[in-house]
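Q:
In this note's numbering, the protein residues as written are 55 to 352.
(1) Taking the straight line between their C-alpha atoms, what separation do you get for residue 149 and residue 276?
(2) Would you mind reading off the limits of the alpha helix (DSSP H) that contains residue 133?
(3) Could you name each continuous beta strand (DSSP E) segment of 3 residues or more that falls completely within the segment 208 to 260, going from the start of the chain to the end?
(4) Which partner residues does residue 318 have in the DSSP bridge list?
(5) When burial is assigned at 16 or more other CB atoms within 10 Å of the CB, is residue 259 buried or exposed?
(6) With DSSP as the reference, label residue 106 as helix, strand or coil.
(7) So the candidates are 108, 100, 205 and 91; which of them puts its Cα closest to the Cα of residue 117?
(8) Can you list, in chain order, the residues of its chain with a C-beta nearer than 6 Å to that of residue 138? Leave out the 5 residues immediately preceding and following it.
(9) Relative to the C-alpha of residue 313, which candidate in 288, 128 and 326 has its C-alpha closest?
(10) Using the rule of at least 16 other Cβ atoms within 10 Å of the residue's Cβ for burial, across every protein chain shown, is residue 279 buried or exposed?
(11) Under three-state DSSP, which class holds residue 351?
(12) Tell me which residue opens and which closes the alpha helix (DSSP H) that residue 94 is part of.
(13) Roughly how many whole angstroms lie between the Cα atoms of residue 200 and residue 181?
(14) To the nearest angstrom, report how far apart residue 101 and residue 350 are at their CA atoms.
(15) Give the straight-line distance between the Cα atoms of residue 103 and residue 147, rounded to the nearest whole angstrom.
(16) Just to confirm, is the Cβ distance from residue 302 to residue 343 under 9 Å?
(17) Going straight from the alpha carbon of residue 243 to that of residue 266, what length do you get?
(18) In angstroms with no decimal places, state the Cα-to-Cα distance between residue 84 and residue 115.
(19) Please state if the CB of residue 109 and the CB of residue 131 are separated by a distance shorter than 9 Å.
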């Protein structure tokens, strides 16, 4: 009996050993006798777990038992699906799923009522679940580099959202729900298929950074000029020919900017009608004076 037991234990050990040589580090740590909780890092403010770049094609089952985790980084793997079990991690504040192969998010993501930061950039999403709007504490959301063309109307409930990145997707127009997000101070819609900016943009009164570079925009709405908090307006690489006369009201724009990271008005690579190209070369003050005088004489 004891001999048979020893043989079974030996066989099991060999099986684990063979598996261990092929599995990534996070699971190998488990096979060497460590508890899943030992992977958690307890910082001053958050309990975090990072499984970045582990070559994972699916999430480990042990993950959903670590209910105390507050910051979870699963980025830069090859994850195809996030299971409904995600909803068990109710204490999550920060979740990074960027750089995977996700085609959808589970509706259970709406159970993460403490979530403040969510990165799902660089995936294969074509839509976003309406349940995400239940995460009312969400402040930062990046959905860039996906295949999304619309957002759920329920996103109007994300009243705490301050930063929204929708760049490199397939939007033809700015989703209506975005104009209800009055707390936004950062909105990135670059590299989409936008043909215009709706007059409703004026409701984003706290917007400081607005990026719509590399689209198909022909004109800028007059209402854009009433977002006087704007410090960076990037409309590079569009089809803009004229500028609204009231643009001079955007007094927080410090300069004509050429470096993508600089605050100011970015308006390069547009087919501006004359004399605007020459005026722009003179700097922002020259441009604003030109537009002000043009308005006064119209």
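Even for Gly, the Cβ is constructed at its ideal location relative to N, Cα and C.
A: Reading it off the structure:
(1) Here residue 149 corresponds to residue number 95 of the chain shown, with the count starting at 1. Here residue 276 corresponds to residue number 222 of the chain shown, with the count starting at 1. Going by the C-alpha atoms only, they are around 38 Å apart.
(2) Here residue 133 refers to the residue found at position 79 of the chain shown. Run containing residue 133: none; DSSP gives neither H nor E here.
(3) 217 to 219 and 240 to 242
(4) For the purposes of this step, residue 318 is taken as residue 264 along the chain shown, with counting starting at 1. BP columns for residue 318 point to 286.
(5) The count along the chain shown starts at 1 and reaches residue 259 at position 205. Its Cβ having fewer than 16 others within 10 Å, residue 259 is exposed.
(6) Within the chain shown, the letter at position 52 stands for residue 106. Three-state result, residue 106: coil.
(7) Here residue 117 refers to the residue found at position 63 when the chain shown is read from its first residue. The option with the nearest alpha carbon to residue 117 is 91.
(8) Indexing the chain shown from 1 puts residue 138 at position 84. 160 and 162, listed in sequence order.
(9) Counting from one through the chain shown, the residue named residue 313 turns up at place 259. Residue 288 is the option with its Cα nearest to residue 313.
(10) The sequence position of residue 279 within the chain shown is 225, counting from 1. Buried, because 16 or more other Cβ atoms sit within 10 Å of the Cβ of residue 279.
(11) Residue numbering aside, residue 351 sits at position 297 when the chain shown is read from its first letter. Here residue 351 sits in coil by DSSP.
(12) Taking the first residue of the chain shown as position 1, residue 94 is located at position 40. Unbroken run through residue 94: none, as it is neither H nor E.
(13) Stepping through the chain shown from its first residue, residue 200 is reached at position 146. Stepping through the chain shown from its first residue, residue 181 is reached at position 127. Rounded to the nearest angstrom, the two C-alpha atoms are 9 Å apart.
(14) By 1-based counting over the chain shown, the position of residue 101 is 47. By 1-based counting over the chain shown, the position of residue 350 is 296. Distance between the alpha carbons of residue 101 and residue 350: 59 Å.
(15) Taking the chain shown and counting its residues from 1, one reaches residue 103 at position 49. Taking the chain shown and counting its residues from 1, one reaches residue 147 at position 93. For residue 103 and residue 147, the distance between alpha carbons rounds to 12 Å.
(16) In the chain shown, residue 302 corresponds to position 248, counting from 1. In the chain shown, residue 343 corresponds to position 289, counting from 1. Cβ distance < 9 Å, so residue 302 and residue 343 count as in contact.
(17) Residue mapping note: residue 243 aligns to position 189 of the chain shown, counting from 1. Residue mapping note: residue 266 aligns to position 212 of the chain shown, counting from 1. Going by the C-alpha atoms only, they are around 5 Å apart.
(18) Working through the chain shown from its first residue, we reach residue 84 at position 30. Working through the chain shown from its first residue, we reach residue 115 at position 61. Residue placement at residue 84 cannot be trusted, given a pLDDT of 44 that sits under 50; what the coordinates show is reported in the next sentence. One C-alpha to the other measures close to 12 Å.
(19) Stepping through the chain shown from its first residue, residue 131 is reached at position 77. Stepping through the chain shown from its first residue, residue 109 is reached at position 55. Yes, they are a contact pair.
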